[in-house]
Every structure is written in structure tokens, then in C-alpha cells.
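Okay, so here's the structure we're looking at.
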Amino acid sequence: METVRLTTAQALIKFLNQQYVHIDGDEFPFVEGIFNIFGHGNVLGFGQALEQDPGHLKIIQGKNEQGMAHAAIAYSKQMLRKKIYAVTTSSGPGSANLVTAAGTALANNIPVLLLPADTYATRQPDPVLQQVEQEHSIAITTNDALKPLSRYWDRITRPEQLMSSLIRAFEVMTDPAKAGPATVCISQDVEGEAFDYDVKFFEKRVHYIDRKLPTERELNGATELIKASKKPLIVVGGGVKYSEARESLIEFSERYNIPLVETQAGKSAVESSFINNLGGLGITGTQAANKAALQADLIIGVGTRFTDFATASKTLFNFETTKFLNINVSRMQAYKLDAFPVVADARTTFEALIPMLEGYTSEFGDLITELKEEWLIERDRLSKVTFNRENFDPEIKNHFSQEKLNEYADALNTELAQTTALLAINDTIEPDSIIICAAGSLPGDLQRLWHSEVPNTYHLEYGYSCMGYEVSGTLGLKLADPTKEVYTIVGDGSFLMLHSEFITAIQYNKKINVLLFDNSGYGCINNLQMDSGNGSFNCEFRTDDNQIMNIDYAKVAEGYGAKAYRANTVEELKTALEDAKNQDRSTLIEMKVLPKTMTDGYDGSWWNLGFPEVSNQEGVQKTFELKQQKLKNAKQY
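Quick note, my numbering runs 12 ahead of the 1-based positions in the sequence shown.
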């Protein structure tokens, strides 16, 4: 057996360079590069190995472990899970900062390779710097926190363990049904230890990602269900994107007059202008999509997890009369809502079903067009919301008194409504631009209002709704598609939580555009608070003397080296957007927007939350009573 003597870290980097995927006849490297923040736990191992011979790997220095991992996740998601970045961190706080990112990747089924350093395998210097200690076990380290948030997890305490561990990690990351974060923790002393590795371990390794075909039984069962239905409805999930099933789904929908509705992950799998696309479904759904769902007698879920937001906490469908058909590569997801499961690739399933349904057509008829046109009128209304200092404007949520709304208008020097600004952006940026968002009220507005006219240009992380993903994730989008303009749509609350990789984007001249909606607070949660009968408590950004905070985010961006704009009117916003297109450096457009000017719920948009059963507030009591009524019709499994 021919061997080569390498350190564990050198062997890992050499192995990463030789991993390829094969999809639909195309073959290419799976690992594009590696994000790093070096500390004492990985600089002498990984740092030395990367300095000596990185191979084709692109090396990017991050600014925060969570931020750079979010950038890696966004990259993989935008690349439809065909390529990844690895992420290396030091031990202790560095690896702990990966926990939130690992949860984000797991919830969204996104492959990413996490390589946190670990404490000493020999245990001789213990406790080393940044090592935690537990009385009941010396084997526990910070990295154990990553176990429940990883699809695959391992700890390397001997150099030769690396071989079997990496093969398992890549098997998991390249399996469409199991895709998620793989965490390989490497003891910091072992990183530098040498071993005589079999050279065959470093030969080109191809991971074949084959399309799982539906069985004859599954196809016959699906055909029977569809033909027996009068008003079937397709729920488009993120799996439609990963399957690249757009063309077959459009043909299926058109031929049999079956409307489409979208989850956050599925939006832009099919462009918004497609005649049968009724938009977002559920709590943050459109009036059109939810009305169709309330009438449907068969729900065809495609590549979706059926989260509470998509199902309105399992109250959106008539479970007495509605049946479910789920198409998903994951057997676990295919069984959701007690559906008939088709455990197969979406594209191949639609291709097989199309000829089997000849002669069938749904009874939706012209209703699809009518629902869509009705919603477009509402969307147009929301594009023109205005603020009135004298009387409540009916388009503005009236939880706040007129006096309080005026206070915000004066403090922020704005009368700009959030929906008006958002639709002005949609009308101004190039159609092939990619947008990203993750948390707050903006995802709801985007799912309802944003028109995606080019496939795969809408990137929402709503599986985990992770505040702080937005700006860092935009760097991942730019790495995935450097020819496109990329925009993060982010609230001030999320921006303050994490925007570390904005600096990394500037450092590496990867132009990103930050569109910052500043309403001086956690507006989404404030809405939830007040919608439920409570007052406004601790969600607004106010000083000790109760003054609304007015932070100059444009000045912050300028300090980083970005081109910054301030836009508090539609005209200023459109001018800034046009100028930002011509910049060759990253930009930030700060918009002061009035609170309570986001979209509200439509038919079927109820959300089951932990409403207090006991309260002295009448509004809270009514909210709890409504919950009890809703749960009578909700599915319990």
C-alpha cells in the first residue's frame, strides 16, 4: 500500500479538494472553499495546512463564526445544494458561535461542513484555554452543543479516524433526503499529528446524486387521488427548486388547470407571472392563495415540510373533506398530515404523472384568474399606502394612537410606509436580481407582495427565521452568482443582531446591497404583542427618557467603506437604487419607515401561539377564546 505522511489537517484539506458531485450528467467539485476565523485551536493545524497547499479551495476570512457560517449556508442554498463552503473555527466561543448557524442549516436541509476545533485528545494540558468543564464527564466539550443540530456529528481524536469520518460526512451532505450540516470536530493537538495515509484516500471521489424514481404503486395511488378530486391545489416547497422541477410543474399545472401556491422556500421556483401561481400560502399568504386552499379538496405538497406558517397552524384546510398527497425525497416529510406519500424526486414524478392524467381537468375553471386579479388589486393598493397626520389612514394598522404615529413620523423624519417602499424596490431593481431576507415583518410582506419574474431569485431563510442571517447571507449569494446584483432586505432589529460579513464583502470586493428598513424596534413582535391584546411593551427602541432612537445606519456603513444613502421618500429611494446599480462597491440604503405600515393577515392566516389562559386584559382573554375555537377544527397530527 502506497502511503503519504500528512498531518490530520493537511489530509483533510487534500481530501476536500478531491470531492466531486455528479448530477444529471454534469460533474464538478463539491467544495468551493473554506471560511475561517483562526484562533489558537485551529491556526496551527488548519492554518498551516491552508497556507501550505489549499489546492483549488477559495479561502475567505470571516468576521464572526455565525456570520461566516450563514454566508456558507446561503451559498449552498442558492447553488441548489450542489456546492458548499466549509467553515473552520477555533474551540470554545468560536465553535459555540456555530450553534445558531447549524440550527439554520438543519431546519432548511442545507449541506455545510462545519470544522470546529476541539480540546486536547491527550487531555494532558487540560483545562486548556476556552475549555469548559463538567463534573460528571471530562469528555464533554463545547462542541457537544452541536450534536442535536447536525445531520452528522463526529469527534476526531486520532489522525486515522479522519478517513471514515469524512466519507460518512460527505455521504450525508450529498444525499438529497438527508442533506444538512455535517460537523467534524478535530482535537487541536490531533490537527498537527501526522499519519501515513493510504494515497487512495485522496483519489478523486465522485458522489452521484441520482433522481429517485417513483414506484408504480406510488404513481397509481397519486393518479387515483388526483382524478377523484375536483379542486386540487399544489403547494410548492423548496424541494421544487432543488429538483429543478419548474418546467414539468408548469406543464402539469397548465394541462390540468391546477393552481400553485408557494411556501417561503418555494417562492420563485416558478415565476410570479405564471397564470396559475396564486402566491404565498398560510399565515403570511396572499388572499388568493388562502382562498384557494380553503376550497381545495386535495392538497398536493411538493418538497415542503408543511410548517405552521404554511398551514396556518393546521387550520387552513378542511380536514373533514380534504385529502393530502405528498411528493418528497424525504420519507419523514412525505408522511406529514397523514398524506399518501410519494417518496421520490419532484421532477421525475411530475414527468411520470403528466401522461397518466389524460382527460382530467380540475373544476377551478376561471376562479384561478379571478382570485389572482382580485389579489393584484389589493397589491396595488398596498403600493400606495400614505400617512395622515390628522386622521388614521385605513391602510395603516391602528394599534398605535394617532399621537404615537405622529411621534414616530417626527422622530424618524419620515412618512414612508413599509409596503410602499418594498413595492418601489420591486419595481426598480433588475428582474434578475436576487433578494434575501429572514426574519421580522418583512418576510410576510415579501411572500405576499414580491413578484419574482426570474426563477431562483427569491432567497428566504424562514425554516429557522434566523435574525442576523440576512446581511451575512448576502455575501453567500454574491459568491454563488457574482454576475447578479444581490440585495438584503433587512429590518433594523436583524441588522443590529448580526451584519459581520458586510465587512467581509467589502474586504473581498464582493459587492452586496443592504436595504435597511428602520422602524426603531422589533416591529413584527410588537405587532404580535398588540394583536394578542397586550400593550406595547419592550419592543420599541427607546432611551431611558422614553425618546425614540434614531440611529444613523448610513454613517455606520460609510465607516465600513460602503457607499451609503438615506431615503425617506419613494423618489429618494428610487434615485438611490438607480445609483447603487452603478457602484462597484457595496452599498447600504437606509430607509426610515413608519411602524404599523406592513401587511396584515388575510383569510386563513391564524397562528397558534402560547396565548395566556389567565389575564386581566380583555383583549388577551378574547385571543385565548379564539384559540380554543380554532383548535376545534385544527388537525392534531
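Ideal Cβ positions, reconstructed from N, Cα and C, are used throughout, including at glycine. Everything numeric in this text was worked out from a predicted model, so none of it was measured.
Integer Cβ distance of residue i from residue j, believed to fall under 8 Å
i: Tyr565; j: Leu528; result: 5 Å
i: Gly313; j: Gly249; result: 7 Å
i: Gln78; j: Ala117; result: About 11 Å; that fails the 8 Å criterion.
i: Phe352; j: Leu237; result: 6 Å
i: Ala300; j: Lys384; result: 6 Å
i: Ile448; j: Leu489; result: 6 Å
i: Ala21; j: Glu203; result: 4 Å
i: Leu585; j: Thr426; result: Contact flag wrong, Cβ pair sits at about 11 Å.
i: Ser506; j: Gly452; result: 6 Å
i: Leu110; j: Leu126; result: 6 Å
i: Ile366; j: Arg267; result: 7 Å
i: Leu161; j: Pro193; result: 7 Å
i: Arg163; j: Lys190; result: 6 Å
Helix, strand or coil at residue i [DSSP, three-state]
i: Met610; result: coil
i: Cys551; result: coil
i: Ala304; result: helix
i: Val202; result: helix
i: Ile85; result: helix
i: Leu126; result: strand
i: Ala281; result: coil
i: Ile287; result: coil
i: Gly533; result: strand
i: Asp439; result: helix
i: Pro137; result: coil
i: Asp210; result: strand
i: Phe50; result: coil
i: Leu310; result: strand
i: Tyr481; result: helix
i: Gly294; result: coil
i: Ala119; result: helix
i: Pro244; result: strand
i: Tyr254; result: helix
i: Gln73; result: strand
i: Asp392; result: helix
i: Arg267; result: helix
i: Arg180; result: helix
i: Tyr420; result: helix
i: Val55; result: helix
i: Ala194; result: strand
i: Arg343; result: helix
Sheet register partners of residue i (DSSP bridge)
i: Trp387; result: DSSP lists no partner for Trp387.
i: Ile501; result: Leu527
i: Ser149; result: Gln146
i: Glu602; result: Leu528 and Arg578
i: His34; result: Glu39 and Tyr220
i: Phe352; result: Leu337
i: Tyr470; result: Ile447
i: Thr101; result: Pro128
i: Tyr164; result: Ala194
i: Ile96; result: Val43
i: Leu18; result: Phe207
Cα-Cα separation, residue i to residue j
i: Tyr87; j: Tyr499; result: 14 Å
i: Ala308; j: Lys253; result: 24 Å
i: Lys335; j: Ile311; result: 6 Å
i: Arg170; j: Ala133; result: 8 Å
i: Glu513; j: Thr186; result: 27 Å
i: His511; j: Ile563; result: 15 Å
i: Val144; j: Gln136; result: 15 Å
i: Ile262; j: Lys239; result: 18 Å
i: Asp320; j: His52; result: 43 Å
i: Ser103; j: Met91; result: 29 Å
i: Tyr372; j: Ala364; result: 15 Å
i: Ile560; j: Phe47; result: 38 Å
i: Val568; j: Val502; result: 15 Å
i: Ser260; j: Glu402; result: 53 Å
i: Arg554; j: Glu415; result: 16 Å
i: Arg359; j: Arg258; result: 8 Å
i: Ala61; j: Tyr572; result: 31 Å
Any non-hydrogen atom of the ligand HEM within 7 Å of residue i CB
i: Val55; result: Absence of the ligand HEM from the depicted structure is noted, as is the absence of any ligand whatsoever, leaving it without description.
Report task. Could you tell me whether the region 448 to 468 touches the region 279 to 298, where touching means 3 or more Cβ pairs closer than 8 Å? Result -> yes
Taking contact to mean at least 3 C-beta pairs separated by less than 8 Å, is the region 613 to 622 in contact with the region 463 to 471? no
*asked:* With a threshold of 8 Å, are at least 3 pairs of Cβ atoms found where one atom belongs to the region 153 to 172 and the other to the region 192 to 210?
replied: yes
Review point. With a cut-off of 8 Å, do at least 3 Cβ pairs link the region 39 to 48 to the region 474 to 486?
Key: no
Open item on the list: I want to know whether the region 62 to 82 touches the region 96 to 107 - three or more CB-CB distances under 8 Å.
Closed with: yes
Open item on the list: I want to know whether the region 206 to 213 touches the region 341 to 360 - three or more CB-CB distances under 8 Å.
Closed with: no
Any contact of the region 537 to 547 with the region 517 to 524, i.e. 3+ C-beta pairs under 8 Å?
no
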